[in-house]
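Protein chains in written order, with the UniProt record's numbering: chain A, 1 to 217; chain B, 1 to 217.
Cβ coordinates follow ideal geometry from the N, Cα and C atoms, glycine included.
First up is the structure itself, then whatever we jot down about it.
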């Protein structure tokens, strides 16, 4: 029995506190199971409350709870990208990737189910939440790169790299979390520099940036 | 009026011929509109037949027709990857990319809608069809690279690049098909070599391969 399940069923909690408790319980379940495999009874049991109580907070049932849990996971993921704008750029990228990969590690099954698509819980709303995280990642990178007005070639390169990182995360989960996370992180950082260097051959803005990154390392 | 729409409504066609006619009509519509925006009436009109006839061939309605059209598009896409195993490897990759990008260009809206996810027409079956195409692309590349037993680092690199190509295609469509397709193709080929070169630093198998590619170019 988990400590959460041992919580007395109807201990008085404030509305916000109760909602968060239910969300935490849902997130813990959705992290390691596909949405198809989580029932509201599971969530109630995990939170140590009754099923009607879950419905009172989430009258839309599992789909509403799933979306709320996803939004809360997306907020958590955005926090991974928060990195002070000091020190070498590639070191900052390494640190953000460390936090991102720890998140992937901690939400393995749910992360896969969400990004693989085709889940019954997937809707245009869940897709929009995931796209919001991708955009946030791209915005963070642009801010760190300190490029005021990124051109289309630079933007495309950064967005392609973000997608490649997502793909790497899914393959990494499939492969039993191999290679070791530190190797994966360094590999992704080196790929970032490599694809920027390719773009630099045909884009002066990216060429200047790659010069800065090289001087900075 | 398109020549197809001018076909007399009940000209006698064989079952297979009629099915293909309906699929072609559906594919033409799904190529440039989101599945949400195509009705069975549109398909009947495009094919120059009655709505009941469409239902007779596709009793599952639009979803069944969409999946059949998708399977037919997936077959077409697989043909893009068919490339004789002769001449420099990167030249072969360029030619396959040319065909792939022509496909993306010719199926722009449908391609976006499908790969963006969150469409009402998306199910675990449509996801499986798309994944099948991705796997076919990876298999083709491995065969051309002539690596008998690709290790996890090489496989991961190739799969990441395929995902990055997909992302590039979607961004390219969003950006009004800029940069010009020839530049995009060369850029993607150079990225392929660049990410393999990064992997080569930590994977002897990929290092050997990159040596071959350099000698071959």
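At a cut-off of 8 angstroms, the C-beta of residue 198(B) has a neighbouring C-beta in chain A. With a cutoff of 8 angstroms on beta-carbon distance, residue 85(A) and residue 140(A) are scored as not near each other. Counted as a single uninterrupted DSSP element, the alpha helix (DSSP H) harbouring residue 124(B) occupies residues 124-145. Excluding residues up to 5 positions away in sequence, 29 lie with their Cβ nearer than 6 angstroms to the Cβ of residue 42(A) in the same chain. Around the beta-carbon of residue 101(B), 16 or more other beta-carbon atoms lie within 10 Å, marking it buried. Beta-carbon to beta-carbon, residue 27(B) and residue 72(B) are separated by about 6 angstroms, close enough to satisfy the 8 angstroms threshold.
For residue 200(A), the number of other beta carbons within 10 angstroms of its own is at least 16, and it is reported as buried. For residue 133(B), the closest Cβ of chain A is not nearer than 8 angstroms.
Approximately 15 angstroms separates the beta-carbon atoms of residue 188(B) and residue 213(B); this is outside 8 angstroms, ruling out the contact. A contact between stretches requires three or more CB pairs, one per stretch, nearer than 8 angstroms, and the region 162-179 of chain A meets this requirement with the region 101-114 of chain A.
DSSP places residue 27(A) within a helical segment (H, G or I) once states are collapsed to three. When the five nearest sequence neighbours on each side are left out, the beta carbons in the same chain lying within less than 6 angstroms of the beta carbon of residue 158(B) are those of 138, 141, in order along the chain.
Against residue 191(B), the close residues of chain A are 195, 198, in the order they occur along the chain (beta-carbon pairs closer than 7 angstroms). Along the region 33-49 of chain B, none of the residues has a CB nearer than 8 angstroms to a CB of chain A. If you look at residue 150(A), you'll find it isn't in any alpha helix (DSSP H); DSSP assigns it neither H nor E. Distance from the CA atom of residue 39(B) to the CA atom of residue 126(B), rounded to whole angstroms, is 18 angstroms. With its beta carbon less than 8 angstroms from one in chain B, residue 164(A) belongs to the interface.
Here the alpha carbons of residue 80(A) and residue 168(A) stand approximately 17 angstroms from one another.
Our two residues, residue 165(A) and residue 186(A), have alpha carbons roughly 12 angstroms apart in a direct line. At a Cβ-Cβ threshold of 8 angstroms, residue 191(A) and residue 147(B) do not count as neighbours. Residue contact with chain B for residue 63(A): absent (no Cβ-Cβ distance below 8 angstroms to any residue of chain B). By the neighbour-count definition (other C-beta atoms within 10 Å, threshold 16), residue 46(B) is a buried residue.
Spanning the alpha carbons of residue 37(A) and residue 64(A) requires a straight line of approximately 16 angstroms. Around the beta-carbon of residue 163(B), 16 or more other beta-carbon atoms lie within 10 Å, marking it buried. Burial state of residue 35(B) is buried, judged by a 10 Å Cβ sphere holding 16 or more other Cβ atoms.
Residue 88(B) sits close to residue 217(B), with the two beta carbons spaced by under 8 angstroms. Note on geometry: alpha-carbon atoms of residue 184(B) and residue 14(A) lie some 55 angstroms from one another.
Listed in chain order, the positions of the region 200-213 of chain A with a beta carbon within less than 8 angstroms of a beta carbon of chain B are 201, 202. Here residue 123(A) is not near residue 33(A), since their CB atoms are 8 angstroms or more apart. For the region 148-162 of chain B, the residues whose beta carbon sits under 9 angstroms from a beta carbon of chain A are, in order, 152, 153, 155, 156, 157, 159, 160, 161, 162. Annotation for residue 61(A): the continuous alpha helix (DSSP H) segment containing it runs 61-80.
Contact of residue 91(B) with chain A by beta-carbon distance below 7 angstroms is absent, the smallest such distance being about 18 angstroms. With fewer than 16 other Cβ atoms inside 10 Å of its own Cβ, residue 128(B) counts as exposed. Interface flag for residue 69(B) against chain A is unset, since no Cβ pair is found closer than 8 angstroms.
When the five nearest sequence neighbours on each side are left out, no beta carbon in the same chain lies closer than 7 angstroms to the beta carbon of residue 179(A).
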